[in-house]
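Protein sequence lines, in the order shown, are assigned to chains U and Z.
Sequential numbering from -19 applies to the first sequence in my numbering.
Sequential numbering from 208 applies to the second sequence in my numbering.
Everything on this sheet refers to the single structure shown next.
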Amino acid sequence: MFELLGIPPQALFGQLLLGLINGSFYALLSLGLAVIFGMLNIINFAHGAQYMMGAFVAFFLLQFGIGYWPALIIAPIMVGITGIIIERLFLQRLYQLDHLYGLLLTFGLALIIQGLFRHQYGSSGLPYSMPSQLTGGHNLGFMFLPNYRAWVVVLSLIVCFGTWFVIEKTRLGAYLRAATENPTLVRAMGINVPRMITLTYGFGVGLAALAGVMAAPIYSVNPLMGADLIIVVFAVVVIGGMGSIMGAIVTGFGLGVIEGLTKVFFPEASNTVIFVIMVIVLLIRPAGLFGRAA
Amino acid sequence: MAQITEQADIRPARGLGQWSEHIAFVALVVFLIVAPSFIYPVLLMKALCFALFACAFNLLIGYVGLLSFGHALFFGWSAYVCAYAAKAWGFPPELAILTGTATAAFLGLVTGSLAIRRQGIYFAMITLALAQMMFFFALQAPFTGGEDGIQAVPRGRLFGVFNLADQMTMYAFVVVIFLACFLLIYRIIYSPFGEVLKAIRENEQRAISLGYKTDRYKLMAFVLSATLAGVAGSTKALVFQLASLTDVHWTMSGEVVLMTLLGGLGTVFGPAVGAFIIVAMQNYLAGFGQWVTIIQGAIFVICVLLFRRGIVGVIAHALRIRL
């Protein structure tokens, strides 16, 4: 087999795949943040906690004998409903105020949720086994491809592009985009904008929970699994800019791959490479790669 | 756009209003003199370090309207450098604190010039991400001691005369540092420079149209805030003789936001009051584990929904005075 810069291809492609997996999560989470920000003008700091909740709901469902495949549908809906409750109870009161209050409130919610889960389950991870249909893998010749990981990348791509399609190409999406630009005018057309906002938040939260379910068999289910991840996703969002759905998807996958490559060539920097890229982007294109200037 | 602070409508009307801040300051000094007789001095010193940290943070959010979610960066790194200077290089305490503070000022200049390239919500995310990056550097750099941190930092002799190992001498030193920085912040707020900052907070476009280079003012305020946070972090390293990862973690950035929000954004005394309350709460609830985090989260939610002026802000508004 060939070697690239002295790196065995198994290691290189293995890390590339891991990068793609991480990129799938970055893309799903930053997509959710972008959708929520577009409608609510709020940065959802609780996104990491809601991702964790998705994984935990999948774990609870398993205790009741409900497996991975139903959980993939049920968990996002359940966590999405908690999101809808949060929007109705709290966020709704903040739309007239500075954006920063939304950030502070959702940060408080994240502390509460993570604190409650840690109080109940400690900080060690809980195991969640892979669905039996997706165990094992294929040998592609140049690398070994575990089935589950391939599934995560494929599903994430489907969900991301599905969301993009709905928002950019359908009538519902047109309403959403119109309501983002001018909510008052859209309301005057007889469309229930407050309900649309509520459902958008529920949908964004559901995306985070879906990412959580997908992550459960790969990473262990633990109360702090979303806490540090959300900060990386914030950096992804700063790099991509939140103006564009496609931008969020491309940036998410791209940065995941770059992070994976860094693990091969310069492992010490793998934790920080995304932040370093953020610094470079801020220096060269302050508005973000896909952002519009404020 | 609605403002992050709601202080603009306070007009001191009567005689008392003009003197309210002076009276409160005298009360604060008296409290700090009397307090060691009934509160454990180490707890007081901890509260004072966090009070200074929160006041420094408030300079940015309260008077420029910039929410930094990465202030632990300055607090934690100044603590590391101060602790390292005192322990490894044998610096006397005053020089160690100066070294730590200078580090924070430098980091403030670098991160500030990056972060002010974006506004509002992005500013918060950028500062948070930069602080997380520096957290990983602190985790990996050899001199920080990784998970152990830098322990057993010598307090030394201040100016070669006062032995800071004595608890009350250290307390007096911390009080002097706190009051000096507090007065400096007070001076900044009411200086012409501070008035420009408030103008930027209220309406940046208009400040620009009046000919102010708002980016320079914002950067200056950011560096000042980082520097003062550095004083707080360095002092804390000497008080506890410890610099650790806790000081640079994002939870620390969250705590300083909470203290300032609870006390009152954009009030002179609010951050200090908030810091004392949170430190006291952490101390008395220390045995309840995760409940401290949950309560802190709940305070965030309650403050944002019902209580945006904060404690001192509510009092000041009710009495129509400045505090």
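Glycine included, each C-beta is placed from N, C-alpha and C at the ideal position.
From a predicted model like this one, the values you see are computed outputs, not experimental measurements.
- Separation of the CB atoms of residue 254 (chain U) and residue 181 (chain U) is rounded to 26 Å, and the pair is thereby denied contact status at 8 Å.
- Taking 8 Å as the cut-off, the beta carbon of residue 77 (chain U) is found no closer than this to the beta carbon of residue 222 (chain U).
- For residue 507 (chain Z), the nearest CB of chain U lies under 8 Å from its own CB, placing it at the interface with that chain.
- Residue pairing of residue 119 (chain U) in beta bridges, as defined by DSSP: U:124.
- Between residue 323 (chain Z) and residue 426 (chain Z), the C-beta gap is smaller than 8 Å, which places the two residues in contact.
- With contact defined as three or more Cβ pairs closer than 8 Å, the stretch 234 to 248 of chain Z and the stretch 413 to 424 of chain Z are not in contact.
- Under the criterion of beta carbons closer than 8 Å, residue 87 (chain U) and residue 507 (chain Z) qualify as touching, at roughly 6 Å.
- Residue 279 (chain Z) places its beta carbon less than 8 Å from that of residue 456 (chain Z).
- Residue 235 (chain U) is positioned such that its CB atom lies closer than 8 Å to that of residue 216 (chain U).
- The beta-carbon of residue 470 (chain Z) is placed no less than 8 Å from the nearest beta-carbon of chain U.
- Distance from the CA of residue 22 (chain U) to the CA of residue 443 (chain Z), rounded to the nearest whole angstrom, comes to 35 Å.
- One alpha carbon belongs to residue 247 (chain U), the other to residue 391 (chain Z), and they sit about 44 Å apart.
- When the beta-carbon positions are compared, residue 264 (chain Z) and residue 467 (chain Z) come within less than 8 Å of each other.
- Looking at the DSSP output, residue 311 (chain Z) sits in no beta bridge, so it has no partner there.
- Residues of the stretch 51 to 72 of chain U with a C-beta atom less than 7 Å from some C-beta of chain Z are 70, listed in chain order.
- Listed along chain Z, no residue sits closer than 8 Å to residue 48 (chain U) by beta-carbon distance, the nearest being about 29 Å off.
- For residue 428 (chain Z), there are no neighbours in chain U by C-beta distance under 9 Å, as the nearest C-beta there is about 16 Å away.
- The beta carbon of residue 314 (chain Z) lies closer than 7 Å to those of 280, 281, 284 and 433 in the same chain, with the five residues before and after it left out.
- DSSP places residue 364 (chain Z) within a strand segment (E or B) once states are collapsed to three.
- Rounded to the nearest whole angstrom, the CA to CA distance from residue 242 (chain Z) to residue 5 (chain U) is 51 Å.
- The C-alpha of residue 481 (chain Z) is placed about 49 Å away from the C-alpha of residue 131 (chain U).
- When the beta-carbon positions are compared, residue 301 (chain Z) and residue 530 (chain Z) stay at least 8 Å from each other.
- For the options Z:286, Z:340, Z:361 and Z:260, the alpha carbon positioned closest to that of residue 293 (chain Z) is the one of Z:361.
- The stretch 33 to 52 of chain U and the stretch 261 to 271 of chain U do not touch, with fewer than 3 CB-CB distances between them shorter than 8 Å.
- Residue 183 (chain U): member of the alpha helix (DSSP H) spanning 173 to 195, first to last residue.
- Along the stretch 96 to 109 of chain U, the positions whose C-beta sits under 8 Å from a C-beta of chain Z are 96, 98 and 99, read in chain order.
- C-alpha of residue 232 (chain U) to C-alpha of residue 364 (chain Z): approximately 53 Å in a straight line.
- Taking CB atoms only, residue 255 (chain U) has a neighbour in chain Z less than 8 Å away.
- Fully contained in the stretch 257 to 320 of chain Z are the following alpha helix (DSSP H) runs of length 4 or more, in chain order: 279 to 294.
- At least one CB of chain U lies nearer than 8 Å to the CB of residue 333 (chain Z).
- Inter-residue distance for residue 338 (chain Z) and residue 277 (chain Z) is about 5 Å (C-alpha atoms, whole angstroms).
- For residue 4 (chain U), the uninterrupted alpha helix (DSSP H) segment begins and ends at -11 to 20.
- For residue 411 (chain Z), the enclosing alpha helix (DSSP H) begins and ends at 411 to 416.
- Residue 370 (chain Z) has Z:364 as its beta-bridge partners, per DSSP.
- Look at the stretch 191 to 214 of chain U: the residues with a C-beta under 7 Å from a C-beta of chain Z are 211 and 214.
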